[in-house]
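What follows is a short report on a single structure.
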Ligand code: BGC
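Numbering (the working numbering), first residue to last: 1431 to 1674.
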């Protein structure tokens, strides 16, 4: 069965139908740049364009880069503050909406690197911000927001996100040092048995992972940057009646 997943990121909004039996995209994904300012109506318009592009009429799952509880947005660190309090599910025409890192994590634990893993597993996504998804024996603790832990008196994502690497023109090695320090802090708090690194940088893991020393295994996301789309589709499929 194919379900449409849409991933709202700081720079692009990406969507594709997902084959839920395999976790693979059933068609080429469509990416549209995130409108600026990323206000609710402007973003909803892009979400609508993606749904229309695929001529899709079934359930839709959408990720959002903030805290989401029962489809309602509760925080907006990297999007316009007017999102706070918005019922994004209704705004997106009845979609299921969830935090972007949570969606990516669920997809990774089902189809990617975390498949079948028990114990404490942490997925961290490095992009415009830092997102987190925490699992215990495969069960998600939603909205953990570990990108906002404080490091050197700052939000961790203001020191170690991929956006900061680009903006400050940091070498991969220098950036890896910041990421290592952040991972050390997170590992001290949660003692995970595995850390999965997601977001756009997961495609370039060979550039920074060799510079990171930590006594916890760290792997790049198997689904790379598609994990959000896949996780969004999985969340939407949960609303469907079971197949008969
Ligand atoms: C947001 C998180 C989000 C992360 C990655 C953070 O700034 O607070 O909700 O998961 O960015 O997009």
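Positions of the beta carbon are idealized from the N, C-alpha and C atoms, including for glycine.
Which residues DSSP lists as bridging residue i, in chain order
i, result
"residue 1616", "Paired residues: none, contrary to the question."
"residue 1528", "1493"
"residue 1462", "1443"
"residue 1585", "1580"
"residue 1562", "1554"
"residue 1517", "1502"
"residue 1432", "1449"
"residue 1437", "1444, 1493"
Burial state of residue i (16 or more Cβ within 10 Å)
i, result
"residue 1521", "buried"
"residue 1631", "buried"
"residue 1640", "exposed"
"residue 1587", "buried"
"residue 1545", "exposed"
"residue 1495", "buried"
"residue 1472", "exposed"
"residue 1574", "buried"
"residue 1591", "buried"
"residue 1519", "buried"
"residue 1438", "buried"
beta-carbon residue i near the ligand BGC non-hydrogen atom, thresh 6 Å
i, result
"residue 1442", "no"
"residue 1563", "no"
"residue 1567", "no"
"residue 1572", "no"
"residue 1655", "no"
"residue 1500", "no"
"residue 1508", "yes"
"residue 1437", "no"
"residue 1495", "yes"
"residue 1592", "no"
"residue 1474", "no"
"residue 1577", "yes"
"residue 1468", "no"
"residue 1449", "no"
Reduced DSSP secondary structure (H/G/I, E/B, other) of residue i
i, result
"residue 1579", "coil"
"residue 1592", "helix"
"residue 1622", "coil"
"residue 1553", "strand"
"residue 1661", "helix"
"residue 1538", "helix"
"residue 1603", "helix"
"residue 1454", "strand"
"residue 1650", "strand"
"residue 1569", "strand"
"residue 1448", "strand"
"residue 1678", "Any question about residue 1678 goes unanswered here, given that the chain covers just 1431 to 1674."
"residue 1627", "strand"
"residue 1471", "helix"
"residue 1480", "helix"
"residue 1533", "helix"
"residue 1636", "helix"
"residue 1726", "Because the chain spans 1431 through 1674 in this model, residue 1726 falls outside it and cannot be assessed."
"residue 1509", "coil"
"residue 1608", "helix"
"residue 1598", "coil"
Integer Cβ distance of residue i from residue j, believed to fall under 8 Å
i, j, result
"residue 1613", "residue 1644", "6 Å"
"residue 1581", "residue 1593", "Actually they do not touch by this definition, with Cβ atoms about 16 Å apart."
"residue 1536", "residue 1661", "5 Å"
"residue 1651", "residue 1626", "5 Å"
"residue 1443", "residue 1464", "6 Å"
"residue 1493", "residue 1533", "4 Å"
"residue 1510", "residue 1468", "5 Å"
"residue 1502", "residue 1515", "7 Å"
"residue 1477", "residue 1450", "About 20 Å; that fails the 8 Å criterion."
Chain B contact for residue i (CB, 7 Å cutoff)
i, result
"residue 1611", "Of the protein chains in the structure, only one exists, and it is not chain B."
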